[in-house]
Amino acid sequence: MDLSGEYRIPAPRERVWAMLNDRDVLRVCIPGCEELEQTADNAFSARVTTKVGPVKATFNGAVTLENINPPEGYTIAGEGKGGVAGFASGGADVHLAEDGAETILTYTASAKVGGKLAQLGSRLLDSTARKLADQFFAKFAETAGGGAPQAEVAAEEGAIAGALHRVEDAASGAAHAVEETVTEAAHQLSETAQKAEEALERQAARGVLGGPLVWGLLALAAIILFYIIAT
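Take the sequence shown: its position 103, counted from the start at 1, is 92 in our numbering, and no numbers get skipped.
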């Protein structure tokens, strides 16, 4: 599988070269990259999760930089193993050319795959590889033309911290409001229960047949009846 492409980067060649050797920049730009650690001056270990058609796998591998010629270019060589999904290996020659304040990046790459990936067919593999390459260089061009990566990261971290702080404040305020509402509701419920209890006590004091008034009338009627019988 062979690929080639050309991309215009809106940044000077020296800056593009520095970013192509920046581990943090590469980690952000590589699609699906979860880890990228420098193991030597020109070597990295990487873990990348990607999907090719129906096959999704996490590849653990190694990347080395060869034929280094700053700031004009280098060769990237790497290989990765994705378990039952198979393996992938290959390399790419990257060249940087100045064009005023911008840089023209060209590359030629070749790769081979094995395992389940090899069974997917060359057309699907080529289209996926092209898509991943376009995603990488689009993100790289955006990062290179958007200011220093460290500044971008700091700004993003600041924005995230501010958002989290606002969320915490809102949550705290909401919790306080809920607590006040629950307390007030409990107080009202207590008052209602007390009034209901008092009402029940008053009803109980009247008795089952209507309380003292009814019993008084019944007693008066009994006295009258007794008087009539007696006379």
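All C-beta atoms in this analysis are idealised placements derived from N, C-alpha and C, irrespective of residue type, glycine included.
Residue i burial status per 10 Å Cβ neighbour count (16 or more: buried)
i, result
"R12", "exposed"
"V73", "exposed"
"A77", "buried"
"T38", "exposed"
"I57", "exposed"
"E23", "exposed"
"L198", "Annotation note: pLDDT 45 at L198 (below 50); position unreliable, coordinate value reported separately. Label assigned to L198: exposed."
Beta carbon of residue i nearer than 8 Å to that of residue j
i, j, result
"D82", "T97", "yes"
"G75", "G104", "yes"
"T53", "A66", "yes"
"T64", "G80", "yes"
Nearest candidate by alpha-carbon position, reference residue i, set the options
i, options, result
"A127", "L15, R112, A7", "L15"
"V17", "K184, F125, F33, G62", "F125"
"E(-5)", "A100, T95, P60, A35", "T95"
"N31", "I19, A46, E55, P20", "E55"
"E68", "A100, I93, P59, I57", "A100"
"K45", "G21, S(-7), V52, G79", "G21"
"P59", "K40, S(-7), H84, V52", "H84"
"F33", "T47, N10, K40", "N10"
"G62", "I19, E23, W6", "W6"
Any C-beta of chain C under 8 Å from that of residue i
i, result
"E55", "The structure shown has no chain C; it contains just one protein chain."
Cβ-Cβ separation, residue j to residue i (assumed contact under 8 Å), whole Å
i, j, result
"K70", "G50", "6 Å"
"M(-10)", "A133", "Not really, about 27 Å apart at Cβ, beyond 8 Å."
"I(-2)", "A107", "The Cβ separation is near 33 Å, so there is no contact."
- Query: Should the segment 2 to 11 be regarded as contacting the segment 83 to 95, the criterion being three or more beta carbon pairs within less than 8 Å?
  - Reply: Here the segment 2 to 11 lies against the segment 83 to 95, with 3 or more beta-carbon pairs under 8 Å apart.
- Message: Any contact between the segment 117 to 134 and the segment 26 to 33? By contact I mean 3 or more CB pairs, one from each, below 8 Å.
- Response: The segment 117 to 134 and the segment 26 to 33 do not touch, with fewer than 3 CB-CB distances between them shorter than 8 Å.
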